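S.K.:
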Amino acid sequence: MFIVLSRVGAQVMATRVTSEGVHVSEHAVNGLPRFVAEHEPEHPRWVWHDTAEWYPELLRSRVRIQRCFDLRLCHTILRNSALSQSSELAQSEAGAWDALGSGLLSPLEGRPTPAHSTLFDFEQPHVRPAVDPLEVLAEFERQRVALAQSADSSRLARLLAAESVGALIAAEMRFAGLPWSVTAHDVILTEMLGSRPTVEGDRPSKLQYLAEQIRSLLDAPQLNPDSPNDLLRALNVAGIQTSSTRAWELKQLKHPAIEPLLEFKKLSRLLAANGWNWLDAWVHDGRFRPDYVPGGVVTGRWATSGGGALQLPHLIRGAVIPDSGWKLVVADASQLEPRILAAMSADRGMVEAGASGDLYEGIVASGAVETRAQAKLAMLGAMYGATTGESGRLMPKLARAYPRAIRMVEDAARAGERGEVVSTQLGRSSPRGADIGTYDESLTPAQRSAARERGRSWGRFTRNFIVQGTAAEWALCWMASIRIRLDAFADGTWFTDSAHLVFFLHDEVVIHAPVESADAVAALVAEAAQEAGRLLFGALPVTFPLTLAVVDRYDAAK
DNA sequence: TCTGAAGGCGCC
DNA sequence: AAAGGGCGCCTTCAGA
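Residue 562 is where the first sequence ends in the numbering used here, and the numbering goes up by one at each step.
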């Protein structure tokens, strides 16, 4: 059973729809949280236009749901998927739901969505777009039909369910927040940079000292080391041959100024990206609440908006500290993408190589390459499309040992070069490439060469798309399975009062768990990883080992 | 004074 | 250590 929610102004409407699309009843809802709480025990699938617009209000009222159908996210998948290409939904002109998917417009009205606030604020009045009930029901019906008529509705249905539960998890993780110690963060910053300057814009003492040292060693008293132009000029004037100021290039050079310069760059980056200003803006009441954007990447990976949550430097992870009496359970899927490739291509040899626990050692044991480092390099090259260097040279060895796996990524690359669409295991398809490889006699040799390079570049994208996208699907299934298992564990208590997900990073999760439940949670996370494998790849005997740690600081894991 | 591109670098 | 894929966000800087 589905319950479709929509609203005009402040009035919420609820429509019951059967799985055959029959509208059973419709009525006005007064008091949304109470209504949802009353009907949740039936475990309907709640249908709404955008989880981020509906669910936070419910969570603030301590109402949680098990299942939803996020029309905005599912619309994007169904319109692009090769499996649902023939549907009316995919064939029709782009409309309001597409603008909504791109984040540009609110649905059905053509006005901009309210900007996300930069600070998490429970009191902030929420501006909501009106969502016409008929439009929401019509879109749900189009999606239902597109799914039913698709070339493989069971795979696609699984993807839509996973994408939707991901949206619930994103809202719940933001609500719960990542436990963050302002004190510990300040200690890290002060040790590395010196104490916080009292005047905004001044450099902390250690950074200031390094800047002076660099100016003196380069004999450039006015130099601003934060300015690439300025710095490049000063380096060249000092006789240092370099065409850029990138750290890895500077590392090749020999000059007394290089070492303090590299240190300056590291610390300057820390200050700018995760210094005291970041702490003021993003950590409140002992929690970091990033704004996750499910489906924010074309491959299906999540993005975040503000706070840079997916780029948390290892340097400051020591500030992630559980509440007193709680632990962090940190789990990271080992060698996820190579294992995904092995499974999706059903390459028995590569699956077998991963069975022992270290896929790269397994590749060495098979005799394909000589060292673990070579195995890793070769696999990265296969998934990213390396053509040069050691990685490129190792590829043929890999192709001989694992023909099915390598053929799969090569085929995806060739398809992309021809401008064709490729798809993940559950049916998320790549965007169509713009005029790939189309060049005629009128082009100059330089233009043809540029066109070929664009084609190859798009091929590297589609090559990686199938692996990265399927890994993202695995991660969604993993988290969904963790969430269900944690619920069983919570036994009816509010989810933040027992073990709950607080962070997600592509192939890694962090769970905030009471001390006494931490070990059981770790076990459940490992079971969920195997279930995710079954959800994607059925009976194929592929394993997804985890690196698991129960810790008192995030940086103590690994 | 604002805006967008470029250079650079953090994460997977 | 990068290369080869995907991102977000900082500062600087040129142009409107």
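We treat Cβ as the ideally placed atom computed from N, Cα and C, and that holds for glycine.
These figures come from a predicted structure and were not determined experimentally.
In whole angstroms, what separates the C-alpha of Thr3 from that of Leu164?
M.R.: Residue 3 lies beyond the stretch modelled for the chain, which goes from 5 to 562, so this question has no answer here.
S.K.: Residue ranges of each beta strand (DSSP E) run of no fewer than 3 residues wholly in the stretch 288-344, ordered along the chain?
M.R.: 330-337
S.K.: Compute the minimum distance between the beta carbon of Arg458 and the heavy atoms of the ligand ATP, and state whether it is under 6 Å.
M.R.: Because no ligand of any kind appears in the structure shown, any question about the ligand ATP cannot be addressed here.
S.K.: Quick one: using the 10 Å Cβ neighbour count with 16 as the cut-off for buried, is Val191 buried or exposed?
M.R.: Mapped onto the first sequence, residue 191 falls at position 187. Under this definition Val191 is an exposed residue.
S.K.: On a Cα-Cα basis, can you pick out the residue from Val241, Ser220, Asn281 that is closest to Leu265?
M.R.: In the first sequence, the residue the question calls residue 265 occupies position 261. The option with the nearest alpha carbon to Leu265 is Ser220.
S.K.: Using alpha carbons as the reference points, say which of Asp74, Arg71, Leu540 lies closest to Met348.
M.R.: By one-based count along the first sequence, residue 348 stands at place 344. Among Asp74, Arg71, Leu540, the Cα nearest to that of Met348 is on Leu540.
S.K.: So who's on the other strand from Arg49, going by DSSP bridges?
M.R.: Position 45 of the first sequence, counted from the start, is the residue given in the question as residue 49. Answer is Phe6.
S.K.: Pick out whichever of Phe292, Phe73, Leu319 has its Cα sitting closest to the Cα of Leu275.
M.R.: Within the first sequence, numbered from 1, the residue matching residue 275 stands at position 271. Closest option to Leu275, Cα to Cα, is Leu319.
S.K.: With respect to the alpha helix (DSSP H) encompassing Glu30, which residues constitute its N-terminal and C-terminal limits?
M.R.: Reading the first sequence from its first residue, position 26 is the one you call residue 30. Note, Glu30: premise wrong, no alpha helix (DSSP H); beta strand (DSSP E) at 27-33.
S.K.: Put Ile367 into one of helix, strand or coil per three-state DSSP.
M.R.: Walking along the first sequence from the start, residue 367 turns up at place 363. The answer is helix: DSSP assigns Ile367 an H, G or I state.
S.K.: Is the beta carbon of Glu341 less than 7 Å from the beta carbon of Met387?
M.R.: Numbered from 1 along the first sequence, position 337 holds the residue referred to as residue 341. Numbered from 1 along the first sequence, position 383 holds the residue referred to as residue 387. In this structure, Met387 lies closer than 7 Å to Glu341 by Cβ.
S.K.: Taking three-plus beta-carbon pairs below 8 Å as touching, is the stretch 193-208 in contact with the stretch 274-293?
M.R.: Judged by pairs of C-beta atoms under 8 Å, the stretch 193-208 touches the stretch 274-293, as three or more such pairs exist.
S.K.: Keeping to the same chain, check which residues put their C-beta closer than 7 Å to that of Gln217; ignore five residues upstream and five downstream.
M.R.: Taking the first sequence and counting its residues from 1, the one referred to as residue 217 is at position 213. Pro264, listed in sequence order.
S.K.: Are three or more beta carbon pairs between the stretch 528-540 and the stretch 478-489 nearer than 8 Å?
M.R.: Yes: at least three Cβ pairs fall under 8 Å.
S.K.: Within 10 angstroms of its Cβ, does Trp286 collect 16 or more other Cβ (buried), or is it exposed?
M.R.: Position 282 of the first sequence holds residue 286. Buried.
S.K.: Could you give the distance in angstroms between the alpha-carbon of Val333 and the alpha-carbon of Val21?
M.R.: The residue you call residue 333 lines up with position 329 of the first sequence. The residue you call residue 21 lines up with position 17 of the first sequence. Near 40 Å, if we compare the C-alpha coordinates of Val21 and Val333.
S.K.: So for Ile173, helix, strand or coil by DSSP?
M.R.: Working through the first sequence from its first residue, we reach residue 173 at position 169. Three-state result, Ile173: helix.
S.K.: Answer with buried or exposed for Ala150, where buried requires no fewer than 16 other C-beta atoms within 10 angstroms of its C-beta.
M.R.: Walking along the first sequence from the start, residue 150 turns up at place 146. Result: buried.
S.K.: Which of the three DSSP states is assigned to Pro37 in this structure?
M.R.: The sequence position of residue 37 within the first sequence is 33, counting from 1. Helix.
S.K.: Provide the residue span of the alpha helix (DSSP H) that contains Ala103, from first to last.
M.R.: Working through the first sequence from its first residue, we reach residue 103 at position 99. Its alpha helix (DSSP H) spans residues 100-105.
S.K.: Going by Cα to Cα distance, which pick from Gly304, Val297, Asp501, Val301 is closest to Gly311?
M.R.: For the purposes of this step, residue 311 is taken as residue 307 along the first sequence, with counting starting at 1. It is Val297.
S.K.: Considering only the alpha carbon of each residue, which of Arg432, Arg38, Leu141 lies closest to Val301?
M.R.: By 1-based counting over the first sequence, the position of residue 301 is 297. It is Arg432 whose Cα lies nearest to the Cα of Val301.
S.K.: Looking at the structure shown, is Pro225 part of a helix, part of a strand, or coil, going by DSSP?
M.R.: The residue given as residue 225 occupies position 221 in the first sequence. Here Pro225 sits in coil by DSSP.
S.K.: Would you tell me roughly how many angstroms separate the C-alpha atoms of Arg159 and Gln472, rounded to the nearest one?
M.R.: Your numbering for residue 159 matches position 155 in the first sequence. Your numbering for residue 472 matches position 468 in the first sequence. Rounded to the nearest angstrom, the two C-alpha atoms are 17 Å apart.
S.K.: Need the endpoints of the alpha helix (DSSP H) that Gln15 sits in, please.
M.R.: Locating residue 15 in the first sequence gives position 11, where the first residue counts as 1. Run containing Gln15: none in the alpha helix (DSSP H); it sits in the beta strand (DSSP E), 15-21.
S.K.: Comparing alpha-carbon positions, which option in Gly170, Leu490, Trp52, Gln153 lies nearest Ser85?
M.R.: Numbered from its first residue, the first sequence carries residue 85 at position 81. It is Gln153 whose Cα lies nearest to the Cα of Ser85.
S.K.: Grab me the residues of Phe124's own chain with a C-beta within less than 6 Å of its C-beta, minus the 5 sequence neighbours each way, in chain order.
M.R.: As a first step, residue 124 is located in the first sequence; it is residue number 120 there, counting from the start. For Phe124, the predicted structure reports a pLDDT of 32, less than 50, and the residue's modelled location is therefore unreliable. The matter cannot be settled from this model.
S.K.: Flag this pair as touching only if the stretch 161-181 and the stretch 90-99 have three or more C-beta atom pairs under 8 Å; answer yes or no.
M.R.: no
S.K.: Counting C-beta neighbours from all protein chains within 10 Å, is the total for Lys331 16 or more, i.e. buried, or is it exposed?
M.R.: If you number the first sequence from 1, residue 331 lands on position 327. Sixteen is the threshold: when 16 or more other Cβ atoms of the shown chains lie within 10 Å of the Cβ of Lys331, as they do, the residue is buried.
S.K.: Kindly confirm or deny that the stretch 313-327 and the stretch 177-193 touch, where touching means at least three C-beta pairs closer than 8 Å.
M.R.: yes
S.K.: What number of angstroms, rounded off, separates the C-alpha of Glu113 from the C-alpha of Ile344?
M.R.: Here residue 113 corresponds to residue number 109 of the first sequence, with the count starting at 1. Here residue 344 corresponds to residue number 340 of the first sequence, with the count starting at 1. Residue confidence for Glu113 is low, a pLDDT of 41 falling below 50, so the modelled location carries little weight and cannot support an answer.
S.K.: Please return the same chain residues whose Cβ sits closer than 6 Å to the Cβ of Phe126, not counting the five positions on each side in sequence.
M.R.: Position 122 of the first sequence, counted from the first residue, corresponds to residue 126. Because Phe126 sits at a pLDDT of 31, beneath the cut-off of 50, its placement in the model cannot be relied upon, and the following sentence gives the value as read from the coordinates. Closer than 6 Å at Cβ, skipping near neighbours: no residue.
S.K.: Tell me which residues share the same chain as Ala215 and place their Cβ nearer than 7 Å to its Cβ, disregarding the 5 neighbours each side in the sequence.
M.R.: In the first sequence, residue 215 corresponds to position 211, counting from 1. The answer, listed in chain order, is Arg207, Pro229, Phe268.
S.K.: Spatial neighbours of Ala416 within its chain, please: C-beta separation below 6 Å, excluding the five flanking residues on both sides.
M.R.: As a working mapping, residue 416 is identified with position 412 in the first sequence. Excluding positions up to five away in sequence, the list reads Val426, Thr466, Arg467, Ile470.
S.K.: Would you identify the three-state DSSP class for Ile515, choosing helix, strand or coil?
M.R.: For the purposes of this step, residue 515 is identified with residue 511 of the first sequence, where counting begins at 1. Ile515: strand per DSSP, three-state reduction.
S.K.: Should Pro183 go down as buried or exposed, given a rule of 16 or more other Cβ atoms within 10 Å for buried?
M.R.: For this step, residue 183 is matched to residue 179 along the first sequence. Buried: at least 16 other Cβ atoms inside 10 Å.
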